[in-house]
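This report concerns only the one structure given below.
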Amino acid sequence: MLRPKRRGFLRNLAVALGNARDPQTVPTLLTCLHHEEEPLVRAHVAWALGQVGTPLALKSLEEALPQERDPAVVDEIRSAIQFIQSG
6 MLRPKRRGFL
16 RNLAVALGNA
26 RDPQTVPTLL
36 TCLHHEEEPL
46 VRAHVAWALG
56 QVGTPLALKS
66 LEEALPQERD
76 PAVVDEIRSA
86 IQFIQSG
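Count along the sequence shown from 1, add 5, and you get the number used in our numbering.
This is the structure we're talking about:
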């Protein structure tokens, strides 16, 4: 059986947390958004924050947007913000 490497594991974890939509996961997701080096992981964390959709998640995504340099992560942050605002 193949096992995901760290990047894949963290991506899968972000997806699971986003699907859970538990507001208690926001602090953990924010730590990852601000400190994770892998753009793939940050993008999935942004998606997860959008799924959780708390005011803190929205505020943090808005604050992270101008600081993010990876285009794929920027796109995912924008999508997450729009998802929260539409909801």
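Beta carbons: idealized from backbone N, C-alpha and C, even for Gly.
For residue i and residue j, what's the separation of their Cα atoms in angstroms?
i     : j     : result
Leu30 : Leu63 : Residue identity differs from the one stated: residue 30 is Thr in this sequence, not Leu. C-alpha separation (whole angstroms): 14 Å.
Pro76 : Val20 : 20 Å
Gln87 : Pro9  : 30 Å
Which of helix, strand or coil does DSSP assign to residue i?
i     : result
Asp80 : helix
Glu73 : coil
Arg11 : helix
Of all the options the options, which has the alpha carbon lying nearest to the alpha carbon of residue i?
i     : options                    : result
Thr59 : Arg11, Leu34, Phe14        : Leu34
Asp27 : Ser84, Gly55, Pro71, Leu70 : Gly55
Val50 : Gln90, Lys10, Val78, Gln87 : Val78
Gly92 : Ala25, Asn17, Gly23, Val57 : Val57
Phe14 : Ala85, Leu38, Val46, Asn24 : Val46
Can you name, in chain order, every residue of its own chain whose Cβ lies under 6 Å from the Cβ of residue i, other than the five neighbours on each side?
i     : result
Leu70 : Ile82
Glu43 : Arg12
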